[in-house]
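Right, one structure below, let's go through it.
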Amino acid sequence: MINISQLKNKADRFLQRTKITYYDWKKPQLVKINGITVPVIDNVPRELQEALYAGTYEKYELKIVESQLQQNDVVMELGTGIGLVSSFCAKKIGNNRVFTYEANPVLKPVIWNTYTLNNVSPNLEMCMLGENVGEQTFYIAKGFWESSIVPYQDGLQPINVPVKSFNEEVKKVNPSFLILDIEGGEYEFFHYANLHNIQKIAMELHKRIIGAEKANFVRSKLIASGFQLNEKISFRGRELFWEKHN
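Its first residue numbered 0, the sequence shown is counted upward by one per residue in numbering that gives the first Met the number 0.
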């Protein structure tokens, strides 16, 4: 019997490899992912370059957001990256309903380039959100998406970055939808975070960084806070969508 899902996956992988081969030859400065134009950053690891070329960068997070984001949502995103997801959200619900935070100062010009290319200007703050106002050590990786408050690998460059209080910021913004991709920082985050009026959470759970015990703590904390995991639109046990059940 023909397995339609397997055939589709094979076709998708073939298309992705074809795109990578074509873009390797053409070397474009810009690519489109889910309708969003993003710059191809110079001197990035091959893994990221291929993800941009193939259109798979933040693929699963975008699938969750695309299927669950509604016009009346207010989005709070921790971990802006290159600005792809926040650009997508701003296009769909408007700049004034999207608030995004990035700790890595190196990414600021990249983010604004993405916003300019897509004619959006969501509310961007270059800082970390933490338990208290102040400064915190942040570890910069060559592959920017691996930068973290957790020094989990060799070759990371420590810098001090400004920190705002998450609990103060969440009261001010009053988001309904939290997007969380903070490379292992989620374990510390859920020790202090007051989720206020948040009803939906799209997050990446970095079990390979924090380990099984801490990953289970994160899941347990969310369940105790009244959230339920929607497994139908979560992916790989890593990109997860949680809904509040009042």
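Glycine is no exception: its CB is placed at the ideal position from the N, C-alpha and C atoms.
Per DSSP, what are the beta-bridge partners of residue i in this structure?
i: GLU185; result: Paired residue(s): none; GLU185 is not in a bridge.
i: LYS31; result: THR36
i: LYS26; result: None, per the DSSP bridge assignment.
i: LYS243; result: PHE226
i: PHE98; result: MET75 and ASN122
Residue i to residue j, Cα distance in whole Å?
i: LYS26; j: ASN131; result: 44 angstroms
i: VAL162; j: GLY80; result: 17 angstroms
i: ARG218; j: ILE200; result: 12 angstroms
i: GLN69; j: VAL119; result: 18 angstroms
i: ASN112; j: SER85; result: 13 angstroms
i: HIS205; j: ARG237; result: 7 angstroms
i: GLY142; j: THR136; result: 18 angstroms
i: LYS213; j: GLY225; result: 19 angstroms
i: ILE32; j: ASN215; result: 32 angstroms
i: ASN229; j: GLU242; result: 7 angstroms
i: GLU269; j: ASN95; result: Residue 269 lies beyond the stretch modelled for the chain, which goes from 0 to 245, so this question has no answer here.
i: PRO157; j: TYR151; result: 12 angstroms
i: ALA192; j: MET75; result: 13 angstroms
i: GLY93; j: VAL64; result: 15 angstroms
i: PHE59; j: LEU77; result: It is Tyr, not Phe, that sits at residue 59 in the sequence shown. Spanning the two alpha carbons is a distance of roughly 16 angstroms.
i: PHE240; j: GLU46; result: 25 angstroms
Near residue i, what residues of its chain come up, given a Cβ to Cβ distance below 7 angstroms and the 5 sequence neighbours on each side ignored?
i: TRP66; result: With the sequence shown as reference, residue 66 is identified as Ser, and Trp is not the correct amino acid for it. Correct list, in chain order: ILE232.
i: PRO89; result: Per the sequence shown, residue 89 should be read as Ala rather than Pro. Within the same chain, ALA89 has close Cβ partners VAL97, VAL119 and PRO121.
For residue i, which residues from the same chain have a beta carbon less than 6 angstroms from its beta carbon, with the 5 sequence-adjacent residues on both sides left out?
i: MET0; result: Because the pLDDT of MET0 is 48, which lies under 50, any placement of that residue in the model is unreliable, and the number read from its coordinates should be weighed accordingly. Counting only Cβ-Cβ distances below 6 angstroms, and skipping sequence neighbours, we find nothing.
i: LEU116; result: THR36
i: ALA258; result: Nothing about residue 258 can be reported from this structure: the residues present for the chain run from 0 to 245 only.
i: GLU124; result: TYR100
i: LEU51; result: VAL30 and VAL39
i: PHE234; result: TYR59
Once you ignore the five residues that flank residue i on each side, which residues in its own chain have a CB closer than 8 angstroms to its CB?
i: HIS244; result: GLY225, PHE226 and GLN227
i: VAL109; result: PRO38, ILE40, ILE81 and GLY82
i: SER164; result: LEU128, GLY129, GLU130, ASN131 and VAL132
i: ASN173; result: VAL73, HIS195 and ASN196
i: LEU267; result: Summary: the structure shown does not reach residue 267, with the chain confined to residues 0 through 245, and so no result is reported for it.
Inset, instruction - Flag this pair as touching only if the region 208–225 and the region 22–41 have three or more C-beta atom pairs under 8 angstroms; answer yes or no. - result: no
Legend entry - Any alpha helix (DSSP H) of 4 or more consecutive residues that is wholly inside the region 35–96: 45–53, 58–67 and 83–92
Legend entry - Stretch pair the region 103–110 + the region 189–200: three plus CB contacts closer than 8 angstroms: no
Legend entry - Cβ contact check for the region 168–186 and the region 141–158: 3 or more pairs under 8 angstroms: yes
Inset, instruction - Return the chain-ordered ranges of every beta strand (DSSP E) run that is complete within the region 158–211 and spans a minimum of 3 residues. - result: 176–179 and 199–203
Inset, instruction - Return the chain-ordered ranges of every beta strand (DSSP E) run that is complete within the region 114–164 and spans a minimum of 3 residues. - result: 122–124, 127–129, 133–139 and 156–164
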